[in-house]
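Novice: Here the sequence shown is numbered in the numbering used here, starting from 3 and rising by one per residue. Have a look at the structure that comes next, please.
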Amino acid sequence: MKKIPVIIDCDPGIDDVMALLLAFSRDDLDIKLITTEPGNQTQDKTIYNARAFTSYMKQNIEIARGLDAPFFRKLEVADEVHGESGLGDVILPEPDLLESDRTAINAITDVLTKSEEPIVLIATGPLTNIGALLLAHPEVKGKISYISYMGGAAVAGNMSPFAEFNVYVDPHAADIVFRSGIPIVMSGLDVTHKAYVNMEELDQIESMGTDLSHKISSMLRFYIQNAKNTDFRETDFENGIRLHDLCAVSYVVTPELFKGEDCFVAVETEGRHTAGATVVDYMHRSGKPHNVKVLHSVNREAFVNQFIEAVAKMSRQISQ
Ligand code: RIB
Ligand code: CA
């Protein structure tokens, strides 16, 4: 089977963990490297969580530390949603995997440079590392086939009326990435709000009765309870919990589950009320070249079944 080479840049984070789980479960992915962002929690906590979950899943993948703070803005973490640790109230075993002795930017640059084929960059947090990479090493652009990005929103944010969290945390880095010319597939809130696990499906996961399924359902229950408290759209959460970051991995392995449209997208970096907004020209009025495929629909049942199968598969795999 031809494997898809990927690098995953993330800020674990509960839904980042779900994205990693799916990625680890896929025989059609070759995960070259994991790098971590400050976002849901501080860099110290996100890299610890990445090491801990990757170790717990018995994966042997380099994990490299990213930058500690956004380009210009003060870091605002999402502890009210992901908890003090970043993984809700779940405690993972102490990680076996050590932190790479390379920085995220050096590791990504080296992996891309040495790769014989372009690599898909999966990003599920703020784009601080990726923006800095493109400023420091523009020569690697040609080795990135596309960026599958969870972030942004065409209509309405979740961190401000206009800005989604990942772009809100570091709009300047996002602006560098969106203007880079690298193809982007954006799993923004428009699609991730439809990519939810409902309560019956959550019970189905928990009823697997494995240590992994218990940890996953505990994280998701924590997430839904806290996310509800931070979003006025209470009714949206009656359906269940949105697995935002999972979309960025699922698109890479099963793009047919999603629908989207090529658009011109700009990032607002300075607006007093709109900083962090992804301004999506979905009416194609600007006449500017399309730089982003903006996803807007997902086959939810197939998407959730894919995730449930991944939990079952990895439960078996790590218990062997
Ligand atoms: O807005 C959702 C995004 O913000 C997800 O990536 C979640 O993990 C948080 O980082
Ligand atoms: Ca994330």
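All residues carry an ideal CB built from backbone N, CA and C; glycine is no exception.
(1) Roughly how many whole angstroms lie between the Cα atoms of Arg302 and Lys196?
(2) Considering only heavy atoms of ligand 2, list every residue whose Cβ is less than 7 Å from one of them, following chain order.
(3) Measuring alpha carbon to alpha carbon, tell me which of Ser219, Val19, Val269 ends up nearest Cys249.
(4) With a threshold of 16 other CB atoms inside 10 Å of the CB of Thr237, please say whether the residue is buried or exposed.
(5) Kindly indicate which three-state DSSP category Phe164 falls into: helix, strand or coil?
(6) For Ala304, which residues in the same chain have their Cβ closer than 6 Å to its Cβ, ignoring the five residues on either side in sequence?
(7) Would you grab the beta carbon distance between Leu123 and Ile33 for me? Rounded to a whole angstrom, and I think it's under 8 Å.
(8) Since Ala106 contacts Thr37 with CB under 8 Å, what's their CB separation in whole angstroms?
(9) Do you know how far the Cα of Val187 is from the Cα of Val142?
(10) Output the boundary residues of the alpha helix (DSSP H) element that contains Glu311.
(11) Could you name the residues that DSSP lists as bridge partners for Lys5?
(12) Ile1: which of Ser321, Asn131, Phe180, Glu202 sits nearest, CA to CA?
(13) Is Pro72 buried or exposed, if buried means 16 or more other CB atoms sit within 10 Å of its CB?
(14) Check whether the segment 273 to 292 touches the segment 50 to 59, counting contact only when three or more Cβ pairs, one atom from each stretch, lie closer than 8 Å.
(15) Kindly give me the distance between the Cβ atoms of Ile110 and Leu136, rounded to whole angstroms, as I take these residues to be in contact under 8 Å.
(16) Hey, how far is the Cα of Met152 from the Cα of His246?
(17) Using 8 Å as the cut-off, can you tell me whether the segment 216 to 230 makes contact with the segment 264 to 277, which would need three or more C-beta pairs spanning the two stretches below that distance?
(18) According to DSSP, which residues form a beta bridge with Ser189?
(19) Can you tell which of Gln319, Val83, Pro291 has its C-alpha closest to the C-alpha of Ile226?
(20) Run the CB neighbour count on Glu96, radius 10 Å, all protein chains shown included, and call it buried at 16 or more, exposed below.
(21) Check the DSSP bridge columns for Gly262 and list the partner residues they point to.
(22) Using DSSP with H/G/I as helix, E/B as strand and the rest coil, what is Ala11?
(23) Taking C-alpha atoms, which residue in Tyr253, Glu263, His292, Asp98 lies nearest to Asp30?
(24) Would you please state the rounded distance, in angstroms, between the beta carbons of Asp192 and Val296? I believe it to be under 8 Å.
Specialist: From the atom records:
(1) Their backbone Cα atoms lie some 7 Å apart in a straight line.
(2) Ordered along the chain, residues surrounding ligand 2 are Cys12, Asp13, Gly15, Asp17, Asp18, Gly41, Asn42, Thr126, Gly127, Met152, Asn168, His246, Asp247 [Cβ under 7 Å from any heavy atom].
(3) When each option's Cα is compared against that of Cys249, the closest is Val19.
(4) Note on Thr237: pLDDT 48, under 50, position unreliable in the model; the coordinate value appears next. Within 10 angstroms of the beta-carbon of Thr237 lie fewer than 16 other beta-carbons, which makes it exposed.
(5) The answer is coil: DSSP assigns Phe164 none of H, G, I, E or B.
(6) Cβ-Cβ distances below 6 Å link Ala304 to Leu259 in the same chain, with the five nearest sequence neighbours on each side left out; the list follows chain order.
(7) About 12 Å separates the two Cβ atoms, so there is no contact after all.
(8) Right, their Cβ atoms sit about 4 Å apart.
(9) In this structure, the straight-line span from the alpha carbon of Val142 to that of Val187 is close to 19 Å.
(10) Counting along the chain, the alpha helix (DSSP H) containing Glu311 begins and ends at 302 to 321.
(11) The partner list for Lys5 (beta bridge, DSSP) is empty, contrary to what the question assumes.
(12) Since the displayed the chain opens at 3 and closes at 322, residue 1 lies outside it and no answer follows.
(13) Pro72 comes out buried.
(14) Judged by Cβ distances under 8 Å, the segment 273 to 292 makes no contact with the segment 50 to 59, as fewer than three pairs qualify.
(15) The beta-carbon distance between Ile110 and Leu136, rounded to whole angstroms, is 10 Å. This is too long to meet the 8 Å contact definition.
(16) Cα-Cα distance, rounded: 7 Å.
(17) Judged by Cβ distances under 8 Å, the segment 216 to 230 makes no contact with the segment 264 to 277, as fewer than three pairs qualify.
(18) According to DSSP, Ser189 bridges with Met152.
(19) Ranking Gln319, Val83, Pro291 by CA distance to the CA of Ile226 puts Val83 first.
(20) Burial call: exposed.
(21) Leu297, per the DSSP bridge assignment.
(22) Residue 11 is actually Asp in this sequence, not Ala. Of the three classes helix, strand and coil, the one that applies to Asp11 here is strand, per DSSP.
(23) The residue with the shortest Cα to Cα distance from Asp30 is Tyr253.
(24) At roughly 7 Å, the Cβ-Cβ gap stays under 8 Å, so Asp192 and Val296 are in contact.
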